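Q: Would you mind keeping the following structure in view while I ask a few things?
In my numbering, the protein residues as written are 191 to 464.
Take a look at the structure:
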């Protein structure tokens with residue numbers, strides 16, 4: 191099954207009123223570069239694509255000024271945005287930004303899940319420009335699966351204080367499945383599989399047993415080569431390490447960070463193979 195298919199997480203966005211501050215934080219930290227998308231930059235607001243170092247295609251974007259708050263969210267491909275919005279709101283989601291056309295390329299909508307975490311949908315269309323972008327993203331993701339680049343998006347994480355409610359929403363809404371995983375060590379975790387996927391693309395952390403500081407969130411995770419150095423550099427730039435690096439024997443190390451604007455993102459370092 192294609193990694194770029196309905197129900198799959200294929201993009202992420204950072205909503206902000208100060209895109210220069212976002213680029214200034216992430217460019218030196220994760221080696222990102224940026225390009226303005228002329229199709230989506232309107233009314234004096236910019237939509238800026240994000241590229242990992244050495245990557246030929248973008249993996250996400252900075253969206254200026256339409257969210258009303260600083261925010262980061264995952265984007266999920268949809269065959270019919272309006273029908274999915276109806277289904278998701280019946281399951282308890284709320285609409286933050288209504289379904290909005292972007293020229294003839296796509297339609298997007300931003301929502302919050304029942305736990306208050308942001309995500310967005312964008313539609314699959316027959317536009318030649320959409321097909322070109324999807325083909326490019328598919329090519330990049332296939333390459334990244336074999337040779338992941340530092341700074342690239344490497345899956346996502348969900349943190350929840352109500353595991354069953356979260357599983358029910360994403361299973362019924364998108365056809366995801368959840369399987370027991372040992373990545374969390376002392377913190378229970380589940381691997382997240384997109385519809386029909388053979389391999390997991392995300393991880394769910396069970397925070398229901400935490401009595402202090404437990405939060406619900408959905409966030410992208412980015413690959414780094416030196417976890418300690420990257421976390422320290424983020425702190426020097428005004429971020430907060432919300433969860434210090436943790437790992438299991440033979441597994442990846444993970445950390446959770448809040449950037450200076452409060453956006454959560456994850457860091458991941460894969461174990462070296464010999």
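Idealized CB from N, CA, C, for every residue including glycine.
Keep in mind it's a predicted model, so treat the numbers as computed, not measured.
Determine the direct distance from the alpha carbon of residue 300 to that of residue 408, and round the result to whole angstroms.
A: 13 Å
Q: For residue 302, does the three-state DSSP call read helix, strand or coil?
A: strand
Q: Which full runs of the beta strand (DSSP E) of 3+ residues lie inside the region 206 to 263, going along the chain?
A: 223 to 226, 237 to 241 and 250 to 254
Q: With a Cβ-Cβ cutoff of 7 Å, do residue 393 and residue 432 count as a contact?
A: no
Q: Could you have a look at residue 389 and say whether DSSP puts it in helix, strand or coil?
A: In this structure, residue 389 counts as coil in the three-state DSSP scheme.
Q: Tell me, to the nearest whole angstrom, how far the beta carbon of residue 261 is from that of residue 305; I am working on the premise that it is less than 8 Å.
A: That pair is no contact at about 15 Å.
Q: With residue 400 as the anchor, note down where its beta strand (DSSP E) starts and where it stops.
A: Premise fails: residue 400 is in no beta strand (DSSP E) and is neither H nor E.
Q: Please state whether DSSP places residue 203 in a helix, a strand or coil.
A: strand
Q: Would residue 247 pass as a contact of residue 341 if the rule is Cβ separation under 7 Å?
A: no
Q: DSSP on residue 408, reduced to helix/strand/coil?
A: strand
Q: Report the rounded CA-to-CA distance for residue 170 versus residue 368, giving the unit in angstroms.
A: Nothing about residue 170 can be reported from this structure: the residues present for the chain run from 191 to 464 only.
Q: With DSSP as the reference, identify every bridge partner of residue 291, one or two as the case may be.
A: The partner list for residue 291 (beta bridge, DSSP) reads 297.
Q: Quick check on the DSSP output: the alpha helix (DSSP H) that includes residue 431 runs from which residue to which?
A: Taken as a continuous stretch (DSSP letters only), residue 431 belongs to no alpha helix (DSSP H), being part of the beta strand (DSSP E) at 430 to 437.
Q: Judging by CA-CA distance, which residue of 339, 275 and 345 is the nearest neighbour of residue 290?
A: 275
Q: Take every Cβ of the region 195 to 204, pair it with every Cβ of the region 265 to 274, and state whether three or more of those distances are shorter than 8 Å.
A: Short answer: they touch.
Q: Measure the Cβ-Cβ separation of residue 410 and residue 455 and say whether it is below 7 Å.
A: Taking 7 Å as the cut-off, the beta carbon of residue 410 is found closer than this to the beta carbon of residue 455.
Q: Since I believe residue 235 is in contact with residue 254 (beta carbons under 8 Å), could you give me their beta-carbon distance rounded to a whole number of angstroms?
A: 4 Å
Q: Pull up the distance between the alpha-carbon of residue 451 and that of residue 360, whole angstroms please.
A: 27 Å
Q: Is DSSP giving residue 354 helix, strand or coil here?
A: helix
Q: Would you call the region 418 to 428 and the region 208 to 228 touching, i.e. three or more CB-CB distances under 8 Å?
A: yes
Q: For residue 336, name the three-state secondary structure that DSSP assigns.
A: Note that residue 336 has pLDDT 46, beneath the 50 cutoff, so the model's placement of it is unreliable and the number below is only indicative. It is helical.
Q: From residue 406 to residue 345, what distance separates their C-alpha atoms?
A: 17 Å
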